[in-house]
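Notes follow the structure.
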Amino acid sequence: MGFNLDGSDGCKYYWHDLSNDKRLHGAVILVGNQNAFDYQETLITHLFEFIDGVHEGDYAFQHDNVSIHRACATKDFLVDLNILTIDWPALS
C-alpha cells in the first residue's frame, strides 16, 4: 500500500446526505386478534396500497402458516385478486 502526498489518488469521493432521500416507510400496528376477514381488510388498506406505491408489474406474496393466512376465505380472496402466493413450507 502506498501513499500519494502530492495530489489526487485517482479515486473520486463524495458526501451523500441520506436525510434528503425520499423513501416510503411505514408500519402497521395491530391491537387484538384478527380473523380471516380482518386480515383481508388489513391487506387491502395497508399492504396493497404500499405495494402499488413502490412496485410496478407482477409480484408474488408470501405469508406464513398462521390460521388466518391459510383460511379458505383468505385463499379465495387472493385468487379473486389474481395475487400469486408462494407456499411457506412447514417448519421453515
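Residue numbering for the sequence shown follows the numbering used here, beginning at 3 and increasing consecutively.
Each residue gets a CB set at the ideal place from its N, CA and C atoms; glycine is no exception.
Cβ neighbours of Leu45 within its own chain (closer than 6 Å, five residues either side excluded): none. The C-alpha of Leu80 is placed about 15 Å away from the C-alpha of Glu51. Using a C-beta cut-off of 8 Å, the region 35-49 makes contact with the region 66-80, since at least three inter-stretch Cβ pairs fall below that distance. Here Leu80 carries a helix assignment [DSSP, helix/strand/coil].
When beta bridges are read from the DSSP output, Thr87 appears opposite Phe63.
Counting of Cβ neighbours within 10 angstroms places Gln64 among the exposed residues, the total staying below 16. Taking each of Leu86, Trp90 and Gln42 in turn and checking the Cα distance to Ile70, the smallest one comes out for Gln42.
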